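For reference, the structure discussed in these notes is given below.
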Amino acid sequence: MQRIVLNSRPEGAPTAENFRLETTDLPTPGPGEVLVKAQYMSLDPYMRGRMSDVASYADPVPVGGAMEGGAVGEVVTSNHPDLAPGDTVLGMFGWASHGCLPGAQLQKLDPALQPISAALGVLGMPGFTGWHGLNEIGRPKAGETLVVAAATGPVGSMVGQLARARGLKVVGIAGGADKCKLATDTFGFDACLDHRSYATAKDLRAALAEACPDGIDIYFENVGGKVLEAVLPLMNRFGRIPLCGMIAWYDGETSDTRLTAPGLWRTVLVKHLTISGFIIANHYDRYPAFLKEVSPLVAGGQVRFVEDVATGLENAPEAFIKMLKGGNTGKQVVKLD
Ligand code: NDP
5 MQRIVLNSRP EGAPTAENFR LETTDLPTPG PGEVLVKAQY MSLDPYMRGR
55 MSDVASYADP VPVGGAMEGG AVGEVVTSNH PDLAPGDTVL GMFGWASHGC
105 LPGAQLQKLD PALQPISAAL GVLGMPGFTG WHGLNEIGRP KAGETLVVAA
155 ATGPVGSMVG QLARARGLKV VGIAGGADKC KLATDTFGFD ACLDHRSYAT
205 AKDLRAALAE ACPDGIDIYF ENVGGKVLEA VLPLMNRFGR IPLCGMIAWY
255 DGETSDTRLT APGLWRTVLV KHLTISGFII ANHYDRYPAF LKEVSPLVAG
305 GQVRFVEDVA TGLENAPEAF IKMLKGGNTG KQVVKLD
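Going from the sequence shown to the UniProt record's numbering is simple: count from 1 and add 4.
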């Protein structure tokens, strides 16, 4: 089997040298375990965090260890009574051609219902993240205005589409004219601004103020950086901020980090803002409720999704590096040979 391991820790943005392709023996499943041949693997921004040796909510990947991540694939050998060869399953197999895990840790999928890769995006962890953060922390109400950046990614597009369906005005922020068109034409956002076309947070804020004449009630925070700085002063009193991610800062401090503590805290205070961080791994008790509500919406086309498919395990690092810089359009997956 083949797998991609962490060759070295990145200093700043990850590079190809931080990864290494290895060939190892195929594992033999023990009692209760299942051997799976991976068909699609997921590339997610959180994996950048696992590459660094800093304290976080999860342990870092050790240097020389396999990159972590979710994948869907076909059961080859099963020592678990509920799974048989040929079944399609979702599991944390990592960046690898095969995975061997206890059957109890695998989710069986019905390939007739959706393309199996949807279990990594719109109906998987990122889609669930958008649904949960919007409902539990955003608490959307019809007539309000919501802003979300990384608007065409699997989290942002879920947030925007659900909020729009609930009668909110939804303004996206995305990188480039094509992504903005995708946000409005495919995902039904009311408007979308290209953050790359504004030199400063102040310029972006002026455009946002025009797009959101009634202010912003919910800012679904995916990126931090210049976007956060632009949005915060436009928040309405009693606004809510689900703090989901801050990809602009994942490589360390950048020139975008000018939102200093006094300005930040004063805005939170005088606007009565509620900000709550959340890590979706801690909320999987709600995953069945998400699937029950959103699966029919995906099947019926009310919630749409776009995937960016790279091919071949060896190309995963390049696709990952590209995604962190916004080179992906839609959910980034890798189709394995
Ligand atoms: P995406 O597929 O949207 O990919 C990340 C996107 O971030 C890029 O395509 C790019 O979009 C945008 N981006 C990158 N750098 C910047 C920047 N400097 N400023 C503005 N935008 C930038 O990712 P996901 O939908 O999977 O994830 C979105 C966010 O949600 C991430 O921050 C991720 O870490 C977080 N997340 C958090 C979870 C949790 O449990 N809290 C779970 C899952 C995801 P564009 O080109 O449009 O700018």
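All C-beta atoms, glycine included, are put in the ideal place defined by N, C-alpha and C.
Quantities reported herein were computed from a predicted structural model and do not represent experimental measurements.
query, result
"If you run the structure through DSSP and keep just helix, strand and coil, what is HIS102?", "strand"
"Does DSSP put ILE279 in a helix, in a strand, or in coil?", "strand"
"The beta strand (DSSP E) with GLU214 in it runs from where to where?", "Element bounds for GLU214: not the beta strand (DSSP E) but the alpha helix (DSSP H), 205-215."
"Please confirm whether TYR44 and SER121 have their CB atoms less than 7 Å apart.", "yes"
"Quickly, what does DSSP pair ALA265 with across the bridge? List them, please.", "Note: ALA265 sits in no beta bridge, so no partner."
"Got a sec: does the ligand NDP put a non-hydrogen atom nearer than 6 Å to the Cβ of CYS184?", "no"
"For PRO237, I'd like the list of residues in its chain whose CB is within less than 6 Å of its CB, leaving aside the five on either flank, ordered along the chain.", "none"
"Tell me the DSSP secondary structure of MET45 in three-state form.", "strand"
"Let me make sure I understand the geometry here. Which of GLY228, ARG241, ARG209 has the alpha-carbon closest to that of ILE222?", "ARG241"
"Quick one: what's got a C-beta closer than 6 Å to THR133's C-beta in the same chain, skipping five residues either side?", "VAL159, ILE284"
"Could you tell me the boundaries of the alpha helix (DSSP H) in which GLY134 lies?", "129-136"
"Between the stretch 7-26 and the stretch 313-327, do three or more beta carbon pairs fall short of 8 Å?", "yes"
"Can we count ILE245 as close to the ligand NDP, meaning its CB is less than 6 Å from some heavy atom?", "no"
"Taking the alpha-carbon positions, what's the GLY69 to GLY34 distance?", "21 Å"
"Give me the residue from ARG200, LEU87, ASP255, ARG244 with the minimum Cα distance to VAL231.", "ARG200"
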